[in-house]
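*Asks:*
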Amino acid sequence: AQSVTQLDSHVSVSEGTPVLLRCNYSSSYSPSLFWYVQHPNKGLQLLLKYTSAATLVKGINGFEAEFKKSETSFHLTKPSAHMSDAAEYFCVVRTTDYKLSFGAGTTVTVRA
Amino acid sequence: EADIYQTPRYLVIGTGKKITLECSQTMGHDKMYWYQQDPGMELHLIHYSYGVNSTEKGDLSSESTVSRIRTEHFPLTLESARPSHTSQYLCASSAGTGGRYEQFFGPGTRLTVL
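Keeping their order, the protein sequence lines are chains E and X. Be aware that the first sequence starts at 1, since it is given in our numbering, and climbs by one per residue. Be aware that the second sequence starts at 113, since it is given in our numbering, and climbs by one per residue.
Right under this line is the structure:
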């Protein structure tokens, strides 16, 4: 079965410093992977997606993620955190043609 | 503008009431989904639909029911609300096949059953 594990439930960074959110996946075939962000009282917004093209994926708001098959990882990074990046982040893997499996989420707080 | 809408955004209701959570999308997507999300937790799929007149149970058992009479509309109904139904309900839709196409989410309905 396909699944994801987010290794950190909470990440706290200072504004202007790098952000790293870690995600490992389990899949019996080449996976489709996504990162979504959820701001308080808002719906989920897609940050980026990996679908077997380039292993380094660039997303919105300066985020990017690297697919590493050998490590079964899909970590999300941003070089410089902004206050507006404070939110909940979900790593997601496609399980079948139409269904997604969500990680438990990582809460990001940004200190001024 | 193509989008996905959910109403109401917030609902506080007493035990035993029948409620319907509305979800509509204007993107022409054939696939639609309902997720349940408790505070600070991951999303769990409770219902999905491949198209008109198609509905399936998701991974998490739910006492709710859904219908898909029109492509753009995917309402969720609770016949008799209970405090255990208190949660956030998120609707989503997607197009295409192979799962490559991402799901687009509505803003959610936060339900509280007293």
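By construction, the Cβ of each residue, glycine as well, lies at the ideal position given by its N, Cα and C atoms.
Report all residues from its chain with a CB closer than 6 Å to the CB of X:His-159; omit the five preceding and five following residues, and keep chain order.
*Replies:* Cβ neighbours of X:His-159 beyond the five flanking positions: Trp-146, Gly-170 and Val-178.
*Asks:* Give me the DSSP bridge partner(s) of E:Phe-63.
*Replies:* E:Phe-63 is not bridged to any residue.
*Asks:* Rounded to whole angstroms, what's the CA-CA distance from E:Asn-10 to X:Glu-154? Just pull it up for me.
*Replies:* The sequence given here places His at residue 10 of chain E; Asn does not occur at that position. Those two C-alpha atoms are separated by around 14 Å.
*Asks:* Should E:Ser-28 go down as buried or exposed, given a rule of 16 or more other Cβ atoms within 10 Å for buried?
*Replies:* Classification for E:Ser-28: exposed.
*Asks:* Who are the Cβ neighbours of E:Gly-103 in its own chain at under 8 Å, not counting the five residues just before and after it?
*Replies:* Same-chain partners within the cutoff: Val-4, Thr-5, Gln-6, Cys-23, Phe-90, Cys-91 and Val-92.
*Asks:* Would you report the Cα separation of E:Ser-73 and X:Ser-174, rounded to the nearest angstrom?
*Replies:* Their Cα atoms are separated by approximately 32 Å.
*Asks:* Return the CA-CA distance between X:Ala-207 and X:Gly-163, expressed in angstroms with no decimal places.
*Replies:* Going from the Cα of X:Ala-207 to the Cα of X:Gly-163 covers about 11 Å.
*Asks:* I'd like to know if E:Lys-68 contacts chain X, where contact means its C-beta is closer than 8 Å to some C-beta of that chain.
*Replies:* With 8 Å as the cut-off, E:Lys-68 does not count as an interface residue toward chain X.
*Asks:* Among residues of its own chain, excluding the 5 on either side of E:Arg-111, which ones have a beta-carbon nearer than 6 Å to its beta-carbon?
*Replies:* Result list for E:Arg-111: Ser-14, in chain order.
*Asks:* Quick one, which residues of the segment 44-57 of chain E are near chain X if we go by CB-CB under 8 Å, in chain order?
*Replies:* So the close ones are Leu-44, Gln-45, Leu-46, Lys-49 and Thr-51.
*Asks:* Taking the alpha carbon of E:Lys-69 as the reference point, which residue from E:Ser-32, E:Tyr-36 and E:Asn-41 has its own alpha carbon closest?
*Replies:* The shortest C-alpha separation from E:Lys-69 is found at E:Ser-32.
*Asks:* Do X:Ser-199 and X:Met-139 have their beta-carbon atoms positioned less than 8 Å apart in this structure?
*Replies:* It is not a contact, given that the beta carbons lie outside the stated cut-off.
*Asks:* Kindly indicate the opening and closing residues of the beta strand (DSSP E) around X:Thr-167.
*Replies:* Element bounds for X:Thr-167: n/a, residue is neither H nor E.
*Asks:* Buried or exposed: where does E:Glu-71 fall if 16 or more other Cβ atoms within 10 Å of its Cβ makes it buried?
*Replies:* It counts as exposed.
*Asks:* At the level of alpha carbons, what is the spacing between X:Ser-176 and E:Gln-2?
*Replies:* Looking at the two C-alpha atoms, the distance is approximately 26 Å.
*Asks:* List the residues of chain E that X:Glu-191 touches, going by C-beta distances under 8 Å, in chain order.
*Replies:* Chain E residues near X:Glu-191: none, gap ~26 Å exceeds 8 Å.
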